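Okay, so here's the structure we're looking at.
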Amino acid sequence: MYIKRILWAIALIGLVVFGSIAYYIYSAMFKPNTNFNNEVAYIYIPSDATYSDVREELSPLLKNIETFDALAKQKKYTQNIKAGKFAIKKDMTNNDIINSIRVGKGLEVVISFNNQNSLEDLAGRISTEIEADSLELLRAMTDQNFLSSNSFNNETALSMYLPNSYKFFWSTSGEEFRDRMLAEYKRFWTEARLKKVEDIGLTPQQVVTLASIVHEESKKVEEQPRVAGVYLNRLRLGMPLQADPTLKFAAYQLPKYQGTVIRRVLNEHKEIDSPYNTYKYSGLPPGPIAMPDLSAIRAVLSAEKHSYLYFAADANRLGYHKFAKNLSQHNRNAREYQRYLSSQGINR
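If you're matching positions, the sequence shown starts at 0 in numbering that gives the first Met the number 0 and goes up one per residue.
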(Lines of atoms letter the chains of each structure in order from A and count residues from 1; the text may use other names and numbers.)
(Lines give C-alpha, C1' and ligand atoms only; values in the text may rest on other atoms or scores of the structure.)
Protein backbone atom coordinates (compact mmCIF):
# COMPACT_ATOMS: atom_id res chain seq x y z
CA MET A 1 0.00 0.00 0.00
CA TYR A 2 2.79 2.40 0.92
CA ILE A 3 4.59 1.71 -2.40
CA LYS A 4 1.36 2.30 -4.29
CA ARG A 5 0.99 5.69 -2.66
CA ILE A 6 4.52 6.60 -3.60
CA LEU A 7 3.92 5.53 -7.18
CA TRP A 8 0.70 7.52 -7.31
CA ALA A 9 2.50 10.55 -5.91
CA ILE A 10 5.28 10.19 -8.46
CA ALA A 11 2.70 9.86 -11.20
CA LEU A 12 0.86 12.98 -10.04
CA ILE A 13 4.08 14.94 -9.81
CA GLY A 14 4.96 13.72 -13.32
CA LEU A 15 1.61 14.86 -14.62
CA VAL A 16 2.04 18.25 -13.00
CA VAL A 17 5.55 18.61 -14.42
CA PHE A 18 4.42 17.39 -17.84
CA GLY A 19 1.45 19.73 -17.72
CA SER A 20 3.69 22.64 -16.79
CA ILE A 21 6.07 21.84 -19.62
CA ALA A 22 3.19 21.41 -22.04
CA TYR A 23 1.68 24.73 -20.97
CA TYR A 24 5.06 26.44 -21.29
CA ILE A 25 5.48 25.00 -24.79
CA TYR A 26 1.93 26.09 -25.66
CA SER A 27 2.63 29.59 -24.31
CA ALA A 28 5.91 29.81 -26.18
CA MET A 29 4.49 28.62 -29.48
CA PHE A 30 0.75 29.16 -29.78
CA LYS A 31 -0.36 31.82 -27.30
CA PRO A 32 -0.68 35.39 -28.64
CA ASN A 33 2.30 37.37 -27.37
CA THR A 34 1.98 40.89 -28.80
CA ASN A 35 1.71 43.96 -26.60
CA PHE A 36 0.36 46.75 -28.82
CA ASN A 37 -3.09 47.93 -29.86
CA ASN A 38 -2.51 48.73 -33.53
CA GLU A 39 -3.26 46.07 -36.12
CA VAL A 40 0.39 45.89 -37.14
CA ALA A 41 3.82 47.10 -36.01
CA TYR A 42 7.04 47.10 -38.00
CA ILE A 43 10.59 46.20 -37.08
CA TYR A 44 13.75 46.98 -39.06
CA ILE A 45 16.57 44.45 -38.83
CA PRO A 46 19.92 45.71 -40.22
CA SER A 47 22.18 43.53 -42.33
CA ASP A 48 24.75 43.17 -39.52
CA ALA A 49 22.21 42.58 -36.76
CA THR A 50 22.76 40.04 -34.00
CA TYR A 51 20.03 38.29 -32.06
CA SER A 52 20.52 40.85 -29.29
CA ASP A 53 19.63 43.60 -31.79
CA VAL A 54 16.49 41.75 -32.86
CA ARG A 55 15.56 41.16 -29.24
CA GLU A 56 15.90 44.87 -28.51
CA GLU A 57 13.61 45.69 -31.45
CA LEU A 58 10.98 43.16 -30.36
CA SER A 59 10.98 43.68 -26.60
CA PRO A 60 8.61 46.70 -26.57
CA LEU A 61 6.18 44.81 -28.80
CA LEU A 62 5.95 41.53 -26.84
CA LYS A 63 4.27 40.60 -23.56
CA ASN A 64 6.87 37.97 -22.71
CA ILE A 65 10.29 38.18 -24.33
CA GLU A 66 11.57 35.14 -22.40
CA THR A 67 9.18 32.73 -24.09
CA PHE A 68 10.21 34.23 -27.42
CA ASP A 69 13.88 33.67 -26.49
CA ALA A 70 13.22 30.03 -25.68
CA LEU A 71 11.46 29.31 -28.96
CA ALA A 72 13.96 31.33 -30.99
CA LYS A 73 16.77 29.16 -29.63
CA GLN A 74 14.77 25.98 -30.18
CA LYS A 75 14.08 26.92 -33.83
CA LYS A 76 17.69 28.10 -34.30
CA TYR A 77 16.56 31.58 -35.30
CA THR A 78 19.27 33.06 -33.06
CA GLN A 79 21.82 31.77 -35.58
CA ASN A 80 19.87 32.68 -38.71
CA ILE A 81 19.09 36.41 -38.60
CA LYS A 82 17.61 37.92 -41.78
CA ALA A 83 17.79 41.62 -42.61
CA GLY A 84 14.76 43.59 -43.70
CA LYS A 85 11.56 45.34 -42.76
CA PHE A 86 9.07 42.96 -41.17
CA ALA A 87 5.43 43.25 -40.10
CA ILE A 88 4.38 42.04 -36.64
CA LYS A 89 0.61 41.67 -36.59
CA LYS A 90 -1.54 42.03 -33.52
CA ASP A 91 -2.07 38.75 -31.60
CA MET A 92 0.73 36.93 -33.41
CA THR A 93 2.26 34.02 -31.52
CA ASN A 94 5.99 33.61 -31.03
CA ASN A 95 5.89 30.87 -33.63
CA ASP A 96 4.17 33.17 -36.13
CA ILE A 97 6.66 35.94 -35.49
CA ILE A 98 9.72 33.74 -35.90
CA ASN A 99 8.33 32.20 -39.08
CA SER A 100 7.70 35.65 -40.54
CA ILE A 101 11.12 37.15 -39.79
CA ARG A 102 13.44 34.25 -40.55
CA VAL A 103 12.75 33.87 -44.28
CA GLY A 104 13.22 36.14 -47.28
CA LYS A 105 14.03 39.83 -47.18
CA GLY A 106 10.92 41.04 -45.47
CA LEU A 107 8.52 43.61 -46.89
CA GLU A 108 9.11 45.78 -49.93
CA VAL A 109 8.98 49.54 -49.51
CA VAL A 110 7.72 51.91 -52.18
CA ILE A 111 10.20 54.67 -52.99
CA SER A 112 9.07 57.71 -54.96
CA PHE A 113 11.36 60.55 -55.96
CA ASN A 114 11.40 63.52 -58.29
CA ASN A 115 12.82 67.03 -58.60
CA GLN A 116 16.13 66.20 -56.92
CA ASN A 117 18.68 68.83 -57.91
CA SER A 118 21.78 66.68 -57.46
CA LEU A 119 23.04 63.21 -56.63
CA GLU A 120 23.62 64.44 -53.08
CA ASP A 121 19.96 65.42 -52.78
CA LEU A 122 18.85 62.10 -54.26
CA ALA A 123 21.08 60.09 -51.91
CA GLY A 124 19.65 61.98 -48.95
CA ARG A 125 16.10 61.32 -50.13
CA ILE A 126 16.60 57.59 -50.71
CA SER A 127 18.45 57.07 -47.43
CA THR A 128 15.22 57.85 -45.54
CA GLU A 129 13.54 54.83 -47.14
CA ILE A 130 16.14 52.01 -47.17
CA GLU A 131 18.93 50.73 -44.96
CA ALA A 132 21.78 52.29 -46.97
CA ASP A 133 22.77 55.72 -45.68
CA SER A 134 23.37 58.76 -47.88
CA LEU A 135 27.17 58.32 -47.90
CA GLU A 136 26.94 54.71 -49.04
CA LEU A 137 24.46 55.67 -51.75
CA LEU A 138 26.55 58.60 -52.94
CA ARG A 139 29.70 56.45 -53.11
CA ALA A 140 27.85 53.96 -55.30
CA MET A 141 26.36 56.68 -57.50
CA THR A 142 29.70 58.40 -58.11
CA ASP A 143 31.87 55.29 -58.49
CA GLN A 144 34.08 56.15 -61.45
CA ASN A 145 34.44 52.57 -62.67
CA PHE A 146 30.67 52.17 -62.73
CA LEU A 147 30.13 55.51 -64.48
CA SER A 148 32.73 55.01 -67.18
CA SER A 149 31.73 51.41 -67.89
CA ASN A 150 28.17 52.59 -68.50
CA SER A 151 29.06 55.69 -70.55
CA PHE A 152 28.28 58.22 -67.82
CA ASN A 153 30.45 60.81 -66.10
CA ASN A 154 30.11 63.11 -63.10
CA GLU A 155 28.09 65.66 -65.10
CA THR A 156 25.67 63.17 -66.70
CA ALA A 157 25.26 60.71 -63.80
CA LEU A 158 22.01 62.30 -62.60
CA SER A 159 20.37 61.55 -65.95
CA MET A 160 20.38 57.83 -65.06
CA TYR A 161 17.83 58.29 -62.27
CA LEU A 162 14.35 58.58 -63.73
CA PRO A 163 11.73 59.92 -61.30
CA ASN A 164 9.00 57.42 -60.56
CA SER A 165 7.80 55.02 -57.86
CA TYR A 166 9.81 51.84 -57.34
CA LYS A 167 9.63 48.87 -54.96
CA PHE A 168 12.74 47.88 -53.01
CA PHE A 169 13.49 45.70 -50.04
CA TRP A 170 14.42 47.83 -47.04
CA SER A 171 17.81 46.09 -46.77
CA THR A 172 18.82 47.28 -50.26
CA SER A 173 22.46 48.43 -50.41
CA GLY A 174 23.75 51.52 -52.19
CA GLU A 175 25.12 49.48 -55.08
CA GLU A 176 21.91 47.46 -55.38
CA PHE A 177 19.88 50.67 -55.60
CA ARG A 178 22.22 52.14 -58.21
CA ASP A 179 22.23 48.96 -60.30
CA ARG A 180 18.44 48.75 -60.19
CA MET A 181 18.20 52.35 -61.41
CA LEU A 182 20.52 51.55 -64.31
CA ALA A 183 18.24 48.65 -65.25
CA GLU A 184 15.20 50.94 -65.08
CA TYR A 185 17.02 53.52 -67.21
CA LYS A 186 17.75 50.91 -69.88
CA ARG A 187 14.18 49.66 -69.72
CA PHE A 188 12.85 53.19 -70.25
CA TRP A 189 14.85 53.71 -73.42
CA THR A 190 12.85 51.41 -75.66
CA GLU A 191 13.51 51.05 -79.36
CA ALA A 192 10.64 53.43 -80.09
CA ARG A 193 12.09 56.11 -77.82
CA LEU A 194 15.60 55.59 -79.16
CA LYS A 195 14.22 56.11 -82.66
CA LYS A 196 12.80 59.48 -81.56
CA VAL A 197 16.17 60.34 -80.00
CA GLU A 198 17.87 59.59 -83.30
CA ASP A 199 15.32 61.66 -85.23
CA ILE A 200 16.05 64.80 -83.20
CA GLY A 201 19.80 64.28 -83.36
CA LEU A 202 20.52 63.85 -79.65
CA THR A 203 21.58 61.06 -77.31
CA PRO A 204 19.41 59.81 -74.42
CA GLN A 205 21.62 61.69 -71.94
CA GLN A 206 21.30 64.88 -73.98
CA VAL A 207 17.54 64.43 -74.06
CA VAL A 208 17.50 64.30 -70.26
CA THR A 209 19.77 67.36 -70.12
CA LEU A 210 17.45 69.33 -72.39
CA ALA A 211 14.42 68.02 -70.49
CA SER A 212 15.92 69.35 -67.25
CA ILE A 213 16.01 72.83 -68.81
CA VAL A 214 12.48 72.49 -70.19
CA HIS A 215 11.20 71.37 -66.80
CA GLU A 216 12.85 74.29 -65.01
CA GLU A 217 11.39 76.70 -67.56
CA SER A 218 7.85 75.39 -67.40
CA LYS A 219 6.05 73.13 -64.95
CA LYS A 220 2.96 73.23 -67.18
CA VAL A 221 2.87 69.80 -68.83
CA GLU A 222 0.76 71.06 -71.73
CA GLU A 223 3.29 73.81 -72.50
CA GLN A 224 6.48 71.75 -72.23
CA PRO A 225 6.40 70.37 -75.82
CA ARG A 226 6.28 73.94 -77.16
CA VAL A 227 9.19 75.03 -74.96
CA ALA A 228 11.15 71.96 -76.08
CA GLY A 229 10.41 72.89 -79.68
CA VAL A 230 11.97 76.34 -79.18
CA TYR A 231 15.20 74.86 -77.87
CA LEU A 232 15.39 72.24 -80.60
CA ASN A 233 14.88 74.98 -83.20
CA ARG A 234 17.78 76.89 -81.66
CA LEU A 235 20.02 73.84 -81.60
CA ARG A 236 19.32 73.15 -85.26
CA LEU A 237 20.17 76.76 -86.18
CA GLY A 238 23.30 76.85 -84.01
CA MET A 239 21.82 79.60 -81.82
CA PRO A 240 22.75 79.76 -78.12
CA LEU A 241 20.02 78.29 -75.93
CA GLN A 242 20.13 81.37 -73.66
CA ALA A 243 18.24 79.44 -70.98
CA ASP A 244 17.90 81.33 -67.71
CA PRO A 245 17.73 78.14 -65.56
CA THR A 246 21.24 77.21 -66.72
CA LEU A 247 22.50 80.62 -65.58
CA LYS A 248 21.01 80.07 -62.15
CA PHE A 249 22.62 76.62 -62.00
CA ALA A 250 26.01 78.11 -62.92
CA ALA A 251 25.60 80.85 -60.34
CA TYR A 252 24.69 78.48 -57.53
CA GLN A 253 28.01 76.68 -58.02
CA LEU A 254 29.83 79.87 -56.94
CA PRO A 255 30.36 80.84 -53.28
CA LYS A 256 28.91 84.29 -53.98
CA TYR A 257 25.46 82.90 -54.74
CA GLN A 258 25.27 79.92 -52.42
CA GLY A 259 22.48 80.25 -49.91
CA THR A 260 20.69 82.80 -52.10
CA VAL A 261 17.59 82.59 -54.30
CA ILE A 262 17.89 84.16 -57.73
CA ARG A 263 14.44 85.32 -58.76
CA ARG A 264 15.53 87.60 -61.58
CA VAL A 265 18.35 86.90 -64.03
CA LEU A 266 20.63 89.92 -64.45
CA ASN A 267 23.48 90.84 -66.78
CA GLU A 268 25.99 89.94 -64.07
CA HIS A 269 24.78 86.33 -64.25
CA LYS A 270 25.33 86.27 -68.01
CA GLU A 271 29.03 87.02 -67.45
CA ILE A 272 29.64 83.88 -65.36
CA ASP A 273 32.29 81.76 -67.07
CA SER A 274 30.81 78.28 -66.90
CA PRO A 275 29.97 75.61 -69.49
CA TYR A 276 26.46 75.81 -68.03
CA ASN A 277 26.17 79.45 -69.12
CA THR A 278 24.14 78.97 -72.29
CA TYR A 279 24.32 82.69 -73.04
CA LYS A 280 28.08 82.46 -73.34
CA TYR A 281 28.42 78.93 -74.80
CA SER A 282 26.37 77.40 -77.60
CA GLY A 283 24.88 73.93 -77.48
CA LEU A 284 23.72 71.90 -74.51
CA PRO A 285 25.43 72.15 -71.12
CA PRO A 286 27.53 69.15 -69.95
CA GLY A 287 24.68 67.51 -68.07
CA PRO A 288 21.25 68.00 -66.50
CA ILE A 289 20.81 70.98 -64.19
CA ALA A 290 18.21 69.08 -62.15
CA MET A 291 16.11 65.94 -62.33
CA PRO A 292 13.35 66.49 -64.91
CA ASP A 293 9.92 64.95 -64.62
CA LEU A 294 9.12 62.22 -67.10
CA SER A 295 6.67 64.66 -68.69
CA ALA A 296 9.58 66.91 -69.71
CA ILE A 297 11.51 63.98 -71.19
CA ARG A 298 8.45 63.02 -73.20
CA ALA A 299 8.06 66.67 -74.23
CA VAL A 300 11.53 66.67 -75.76
CA LEU A 301 10.92 63.37 -77.52
CA SER A 302 7.60 64.63 -78.89
CA ALA A 303 8.40 68.32 -79.17
CA GLU A 304 5.96 70.59 -80.93
CA LYS A 305 7.02 71.49 -84.46
CA HIS A 306 6.74 75.25 -84.94
CA SER A 307 8.72 78.35 -85.96
CA TYR A 308 9.11 79.92 -82.53
CA LEU A 309 12.63 80.88 -81.48
CA TYR A 310 11.89 82.84 -78.31
CA PHE A 311 9.65 82.82 -75.27
CA ALA A 312 9.19 85.00 -72.20
CA ALA A 313 7.18 84.53 -69.03
CA ASP A 314 3.59 85.73 -69.32
CA ALA A 315 2.79 88.36 -66.67
CA ASN A 316 -0.94 87.82 -67.22
CA ARG A 317 -0.81 84.01 -66.90
CA LEU A 318 1.85 83.25 -64.34
CA GLY A 319 3.50 79.91 -64.98
CA TYR A 320 2.92 80.18 -68.71
CA HIS A 321 4.90 81.89 -71.47
CA LYS A 322 4.45 84.06 -74.54
CA PHE A 323 6.18 82.72 -77.64
CA ALA A 324 7.70 84.73 -80.46
CA LYS A 325 9.09 84.03 -83.93
CA ASN A 326 11.30 87.12 -84.10
CA LEU A 327 13.45 89.14 -81.73
CA SER A 328 11.42 92.36 -81.82
CA GLN A 329 8.27 90.54 -80.77
CA HIS A 330 10.18 88.71 -78.06
CA ASN A 331 11.68 91.96 -76.72
CA ARG A 332 8.20 93.39 -76.30
CA ASN A 333 7.10 90.28 -74.38
CA ALA A 334 10.26 90.34 -72.26
CA ARG A 335 9.88 94.05 -71.40
CA GLU A 336 6.31 93.44 -70.32
CA TYR A 337 7.44 90.74 -67.89
CA GLN A 338 10.36 92.82 -66.63
CA ARG A 339 7.92 95.62 -65.80
CA TYR A 340 5.83 93.11 -63.89
CA LEU A 341 8.84 91.97 -61.85
CA SER A 342 9.74 95.56 -61.03
CA SER A 343 6.16 96.27 -59.96
CA GLN A 344 6.44 93.36 -57.52
CA GLY A 345 9.71 94.66 -56.09
CA ILE A 346 11.67 91.74 -57.52
CA ASN A 347 15.03 93.21 -58.44
CA ARG A 348 17.35 90.23 -57.95
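All C-beta atoms in this analysis are idealised placements derived from N, C-alpha and C, irrespective of residue type, glycine included.
Only a predicted model underlies this, so the values are computations on that prediction, with no experimental measurement involved.
- Spatial neighbours of N332 in its own chain (CB-CB distance under 7 Å, excluding positions within 5 residues in sequence) are listed in chain order as A311, K321, A323.
- Within 10 angstroms of the beta-carbon of P31 lie fewer than 16 other beta-carbons, which makes it exposed.
- E135 and P162 have their C-alpha atoms some 20 Å from each other.
- Ranked by Cα distance from A48, the options Y76, Y251, R262, N315 are led by Y76.
- A242 is a Cβ neighbour of T277, given a cutoff of 9 Å.
- If the five residues before and after N79 are omitted, its C-beta is found closer than 7 Å to the C-beta atoms of R101, all from its own chain and listed in chain order.
- Nearest in C-alpha terms to R138, of all of S150, G123, T127, is G123.
- It is roughly 21 Å from the alpha-carbon of N153 to the alpha-carbon of I271.
- Taking all protein chains in view, the Cβ of S211 is crowded by 16 or more other Cβ atoms within 10 Å, so the residue is classified as buried.
- Where K88 is concerned, there is no enclosing alpha helix (DSSP H), although the beta strand (DSSP E) around it starts and stops at 83–88.
- Residue state for L61 is assigned as strand, using DSSP reduced to three classes.
- Contact between Y165 and E190 is absent: CB atoms are separated by about 23 Å, not below the 8 Å threshold.
- Scanning V39, S306, N94, S172 for the CA closest to the CA of L70 turns up N94.
- Residue state for A311 is assigned as strand, using DSSP reduced to three classes.
- S164 is bridged by DSSP to S111.
- Distance check between F85 and each of Y43, I110, L193, T66 places Y43 closest, using alpha-carbon atoms only.
- Setting aside the 5 residues that flank it on each side, V39 is surrounded in the same chain by A86, K88, each with a C-beta closer than 6 Å to its C-beta; the list follows chain order.
- In terms of Cα proximity to M91, the closest of V109, F29, D52 is F29.
- In the same chain as N232, and ignoring 5 residues on each side of it, the C-beta atoms closer than 6 Å to its own belong to L308, in chain order.
- Nearest neighbour of D313 by Cα position, chosen from T259, E56, E216, turns out to be E216.
- For the pair I125 and F112, the CB atoms are nearer than the 9 Å cut-off.
- T77 sits in a helix when the DSSP states are folded into three classes.
- DSSP, reduced to helix, strand and coil, places G105 within a strand of the structure shown.
- In the same chain as L340, and ignoring 5 residues on each side of it, the C-beta atoms closer than 7 Å to its own belong to R263, in chain order.
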